[in-house]
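A short worksheet on the structure shown next.
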DNA sequence: AAAGAATGTCACC
DNA sequence: TGGTGACCCTTCTT
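Residue numbers (the numbering used here): 1 to 547.
Have a look at this one:
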């Protein structure tokens with residue numbers, strides 16, 4: 001039999017004998033799913049006496065519904081309304097363990113998303129001693145309560161024509177947000193003055209994987225792209241310089257094409273660090289804008305290095321992660337193949353690995369095995385993570401990979417934000433919230449959603465100073481802010497479910513007129529809607545009839 | 001309304 | 001090791 005693919009949309013045709021007096025199906029498509037498994041596949045049926053009788057005629061053809069995941073009858077995976085029913089033959093889609101489905105997964109029904117607690121460890125090595133002496137005082141002893149608003153407004157910006165792949169806030173100019181997309185476009189937006197936005201389409205020719213502002217000249221943007229180049233662009237003029245090109249001879253076929261993924265800037269050393277899809281790290285001197293030194297193999301040869309992060313406190317520490325299932329900690333003074341300080345093993349691809357933003361002493365990773373991992377101290381035992389938190393952020397080739405991001409404003413370095421893959425049935429709508437997680441406990445502190453937003457938001461960034469969250473979801477960018485400053489309240493023990501824009505939903509849908517003029521495409525819900533055309537873009541409804 | 005396309009990772013040979 | 005095909009709770013266009 002030819003291999004069956006998931007695309008097979010129609011039920012398998014089964015030739016089954018039927019009782020001679022059975023009714024004809026009024027409609028094959030409307031046939032209810034059979035609650036008795038395997039019934040129709042039996043070659044024999046019972047007569048009234050319980051004897052097996054071979055049926056010869058007439059033969060009718062029925063279309064039997066089978067599960068689209070396992071191709072077996074008796075159940076069907078997929079959306080029932082706004083609730084997704086898992087295939088029971090598969091491991092749980094959330095925690096990946098067999099024996100239950102997502103609906104009954106213990107990590108779903110509790111607010112602690114399945115924390116595997118850290119074993120107690122003794123602090124005894126010299127590095128940890130230094131940490132305790134020099135860095136620990138920076139961290140408050142008592143964790144302050146998170147300040148998360150009860151209500152938020154959400155602005156929607158649409159100027160990318162392909163899905164958003166990365167977001168970056170300007171470090172000092174408060175309202176400036178950078179965005180990159182799959183097509184290679186780079187957007188610079190002032191989200192308070194929506195007319196002030198620029199989209200640069202000629203910097204890169206495909207996916208912008210990472211962007212950074214130049215810390216010494218914050219009008220300059222560095223970007224690494226799958227086109228194999230790293231660019232430095234003037235934010236105001238869009239004038240761009242290519243600092244490095246891994247494909248100087250152009251397209252010579254997929255096997256030779258090289259792409260740039262992970263990127264970060266080390267201001268102390270004045271270098272841009274960038275890594276490719278073959279396991280190599282490159283350094284570009286920011287003064288001369290030229291490559292310095294040779295490429296260094298930092299991950300398995302031939303594997304993508306998707307993330308680089310320089311330690312915010314100790315400039316000689318570098319963190320990398322990639323498709324070889326490892327995050328690795330490096331000493332910049334001794335960067336050579338195989339010389340990493342620590343190799344942090346994961347079960348799947350590591351989408352991101354970040355030092356904590358203030359002390360730089362913790363590490364947070366996002367892996368495609370649906371787990372966040374936290375190492376509480378890079379100066380302590382690094383053999384196993386301090387905590388693993390089960391969270392739904394699966395890989396899907398059509399989505400930008402999820403990355404858990406620290407809240408740079410949280411002095412206790414324990415709040416992280418990450419989009420959620422699996423949907424929640426919210427009043428009949430399948431919504432994908434954006435989760436705020438206390439990574440010291442695994443508790444889901446808050447989940448943010450909007451009935452108008454039915455798409456998944458894999459890209460999220462918290463503002464370095466303000467209470468602003470930027471999300472990239474498909475081609476749109478969302479700016480979430482507290483609805484009223486006065487409504488800010490301290491976080492209690494229970495998680496908050498923050499729903500935005502609920503009342504406006506139907507009104508907005510009626511107003512839409514389908515115009516695709518994109519000059520005025522930002523709207524803040526909760527305030528007056530500016531125009532019909534902008535409202536149209538507020539309603540990216542899915543076609544599954546979930547609303 | 002439903003099909004088609006785009007197209008990373010992983011297991012398997 | 002490199003090629004192949006299955007997998008995936010997508011999202012948008014035709």
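Just so it is clear, CB atoms sit at the ideal spot from N, CA and C, and this is done for glycine as well.
All of these numbers come straight from a predicted model, not from anything done at the bench.
Non-local beta-carbon contacts of residue 240 in its own chain, meaning distances under 8 Å to residues more than five positions away in sequence, involve 200, 202, 203, 231, 232, 233 and 234 in chain order. Under a 10 Å Cβ-count criterion, residue 471 is classified as buried, with 16 or more other Cβ atoms of the shown protein chains found around its own Cβ. For residue 281, the closest of 211, 288 and 260 by C-alpha to C-alpha distance is 260. Inter-residue distance for residue 394 and residue 84 is about 15 Å (C-alpha atoms, whole angstroms). CA-CA distance, residue 293 to residue 283, rounds to 7 Å. With respect to residue 439, residue 392 sits apart: the two C-beta atoms are not nearer than 8 Å. Minimum Cα-Cα distance from residue 408 among the listed residues 399, 374, 397 and 357 corresponds to 357.
Inclusion of residue 213 and residue 461 in the CB contact set at 8 Å is not warranted, their separation being larger than that value. Counting of Cβ neighbours within 10 angstroms places residue 360 among the buried residues, the total reaching 16 or more. Distance from the Cα of residue 310 is smallest, within the candidate group 457, 273 and 443, for 273. The way I'd put it, the stretch 372–385 does touch the stretch 340–347; three or more beta-carbon pairs between them come closer than 8 Å.
For residue 233, the secondary structure class from DSSP, reduced to helix, strand or coil, is strand. DSSP, reduced to helix, strand and coil, places residue 482 within a strand of the structure shown. DSSP places residue 165 in the strand class (E or B) of the three-state scheme. For a cut-off of 8 Å, the C-beta gap from residue 151 to residue 498 is around 7 Å, short enough to register as a contact. Cβ atoms of residue 157 and residue 189 come within 8 Å of each other, at about 6 Å. Counting along the chain, the unbroken beta strand (DSSP E) around residue 438 starts and ends at 434–438. By the CB criterion at 8 Å, residue 165 and residue 483 fall outside the cutoff.
Put simply, the backbone Cα of residue 417 is about 13 Å away from that of residue 354. At the C-beta level, residue 225 and residue 209 come within 8 Å of one another. When the alpha-carbon of residue 396 is set against those of 384, 93, 262 and 291, the nearest one is in 93. With a 10 Å radius around the Cβ and a threshold of 16 neighbouring Cβ atoms, residue 172 comes out exposed. Between the alpha carbons of residue 155 and residue 453 lies a gap of roughly 11 Å. A Cβ-Cβ separation of about 12 Å leaves residue 278 out of contact with residue 262 under the 8 Å criterion. Look at the stretch 195–246 and you find no whole run of alpha helix (DSSP H) that is 4 residues long or longer. Taking a C-beta distance under 8 Å as the contact criterion, residue 276 and residue 306 do not qualify as a contact pair.
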